[in-house]
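Peer 1:
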Amino acid sequence: AILTAARSGEIRGAEWSEIDLEGKTWTIPASRMKAAKEHRVPLSDAAVALLKALPRFKGISFVFPATRKGQLSDTALLAVLKRMGYTDLTQHGFRSTFRDWAGETTNYPREVIEHALAHQLADKAEAAYQRGTLWPKRVALMDEWSGFCLANV
806 AILTAARSGE
816 IRGAEWSEID
826 LEGKTWTIPA
836 SRMKAAKEHR
846 VPLSDAAVAL
856 LKALPRFKGI
866 SFVFPATRKG
876 QLSDTALLAV
886 LKRMGYTDLT
896 QHGFRSTFRD
906 WAGETTNYPR
916 EVIEHALAHQ
926 LADKAEAAYQ
936 RGTLWPKRVA
946 LMDEWSGFCL
956 ANV
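Spelled out as structure tokens, the structure:
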């Protein structure tokens, strides 16, 4: 969750068919996105390594399956944080931290950061002209974010 800056629901619903480990890309279908628009997430080397290390269970499509059936509940990540002793953290705080870090410590334009978070531009005129995915810049941004996270573990 931390290395992708994705929403909790997007992470919990991730399926192996959406992940391209060789292409280092996670493609989240529009049906699972808040804005109902497909979103591609660049995967850093660290994210790919973590995904490769995860077990895969026969007949289960979820990357992070629940112990009983289906995907993890919306409280599962919060429960893990609490068990680890982080009672003041929330999973959305990871996205907020990413936004603060990217905006305050990097030189990436706001639109690259907002695109990485799958945010829709509020300014309709600006959104009409911003039709690209800014992919190369987003790849670089997520690689830098991964480096920052790993340096602070």
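If you count by our numbering, then the sequence shown holds residues 806 to 958, one letter each, in order.
Cβ atoms here follow ideal geometry from the backbone N, Cα and C, with glycine treated the same way.
1) For residue 922 versus residue 943, is the C-beta spacing smaller than 8 Å?
2) How big is the Cα-Cα spacing for residue 852 and residue 815?
3) To the nearest angstrom, report how far apart residue 854 and residue 938 are at their CA atoms.
4) Per DSSP, what kind of secondary structure is residue 825 in: helix, strand or coil?
5) Would residue 835 pass as a contact of residue 903 if the rule is Cβ separation under 8 Å?
6) Would a C-beta distance cut-off of 8 Å place residue 907 and residue 946 closer than the cut-off?
7) Excluding five sequence neighbours on each side, which residues of the same chain lie with their C-beta closer than 8 Å to the C-beta of residue 870?
8) Between which two residues does the beta strand (DSSP E) containing residue 816 stretch?
9) Report all residues from its chain with a CB closer than 8 Å to the CB of residue 905; omit the five preceding and five following residues, and keep chain order.
10) Residue 951 to residue 808, Cα distance in whole Å?
11) Helix, strand or coil for residue 924 per DSSP?
12) Thinking residue 832 and residue 820 are a contact (beta carbons under 8 Å), I'd like their distance in whole angstroms, please.
13) From which residue to which residue does the alpha helix (DSSP H) around residue 900 run?
14) Could you name the residues of the same chain whose beta carbon sits closer than 7 Å to that of residue 886, not counting the 5 residues immediately before and after it, in chain order?
Peer 2: Quick answer:
1) Along the sequence shown, one-based indexing puts residue 922 at 117. Along the sequence shown, one-based indexing puts residue 943 at 138. Taking 8 Å as the Cβ cut-off, residue 922 and residue 943 do not qualify as a contacting pair.
2) The residue given as residue 852 occupies position 47 in the sequence shown. The residue given as residue 815 occupies position 10 in the sequence shown. Near 15 Å, if we compare the C-alpha coordinates of residue 815 and residue 852.
3) Position 49 of the sequence shown, counted from the first residue, corresponds to residue 854. Position 133 of the sequence shown, counted from the first residue, corresponds to residue 938. Approximately 25 Å between the Cα atoms of the pair.
4) One-based indexing of the sequence shown puts residue 825 at position 20. Looking at residue 825 - three-state DSSP - the assignment turns out to be strand.
5) Looking up residue 835 in the sequence shown gives position 30. Looking up residue 903 in the sequence shown gives position 98. Note that the C-beta distance between residue 835 and residue 903 is not below 8 Å.
6) Locating residue 907 in the sequence shown gives position 102, where the first residue counts as 1. Locating residue 946 in the sequence shown gives position 141, where the first residue counts as 1. Contact flag set, yes.
7) In the sequence shown, the residue the question calls residue 870 occupies position 65. Taking residue 870 as the centre and dropping the five residues before and after it, the same chain places the C-beta of 862, 876 and 877 closer than 8 Å to its C-beta, in chain order.
8) Within the sequence shown, residue 816 is the residue found at index 11, counting from 1. Unbroken run through residue 816 is the alpha helix (DSSP H), 813-817; no beta strand (DSSP E).
9) The count along the sequence shown starts at 1 and reaches residue 905 at position 100. Nothing listed; no residue qualifies.
10) Position 146 of the sequence shown, counting from 1, holds the residue named residue 951. Position 3 of the sequence shown, counting from 1, holds the residue named residue 808. Answer to the nearest angstrom: the Cα atoms are 6 Å apart.
11) Counting from one through the sequence shown, the residue named residue 924 turns up at place 119. Look at residue 924 here: in three-state DSSP terms it is coil, with no helix or strand label.
12) Reading the sequence shown from its first residue, position 27 is the one you call residue 832. Reading the sequence shown from its first residue, position 15 is the one you call residue 820. Cβ atoms of residue 832 and residue 820 stay farther apart than 8 Å, at about 10 Å.
13) Counted from its first residue, the sequence shown places residue 900 at position 95. Run containing residue 900: 896-910, per the alpha helix (DSSP H) assignment.
14) In the sequence shown, residue 886 corresponds to position 81, counting from 1. Take residue 886, set aside five residues on each side of it, and the residues of its chain with a beta-carbon closer than 7 Å to its own are 894, in chain order.
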